[in-house]
Amino acid sequence: MVLNHQGIAWLPEYSISEELHNKKVIILDKNELVIPIKGYIYRMNTRLNNAAERFWNNLQNIQFINEDILNKP
Numbered sequence: 030m031v032l033n034h035q036g037i038a039w040l041p042e043y044s045i046s047e048e049l050h051n052k053k054v055i056i057l058d059k060n061e062l063v064i065p066i067k068g069y070i071y072r073m074n075t076r077l078n079n080a081a082e083r084f085w086n087n088l089q090n091i092q093f094i095n096e097d098i099l100n101k102p
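To convert a position in the sequence shown, counted from 1, into our numbering, add 29.
Structure, rendered in structure tokens:
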């Protein structure tokens, strides 16, 4: 529907990166439309395979959105 100009959608940016690049969709800059999502990830204290270790290390380097950013005027 969004691509047919018939509405808005809440989609993760990574899933529409090509459409954003090609200007088929835009991100609305409206704080009231932001839906904060909390997620938790746990790891057992065991050695993981190489791919899983890299994934875990990458997760530790991600900068998550601070709630103060969402509340700016």
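Positions of the beta carbon are idealized from the N, C-alpha and C atoms, including for glycine. As the structure is a prediction and not an experimental result, all values here were calculated from the model.
{"Asked": "Selected residue, minimal CA-CA separation from Y69, among W85, Y43, N79", "Found": "W85"}
{"Asked": "Terminal residues of the alpha helix (DSSP H) in which A103 lies", "Found": "The shown model of the chain, from 30 to 102, leaves out residue 103, and the question about it has no answer."}
{"Asked": "Closest Cα partner of E48 within the set L62, D58, K59, N33", "Found": "N33"}
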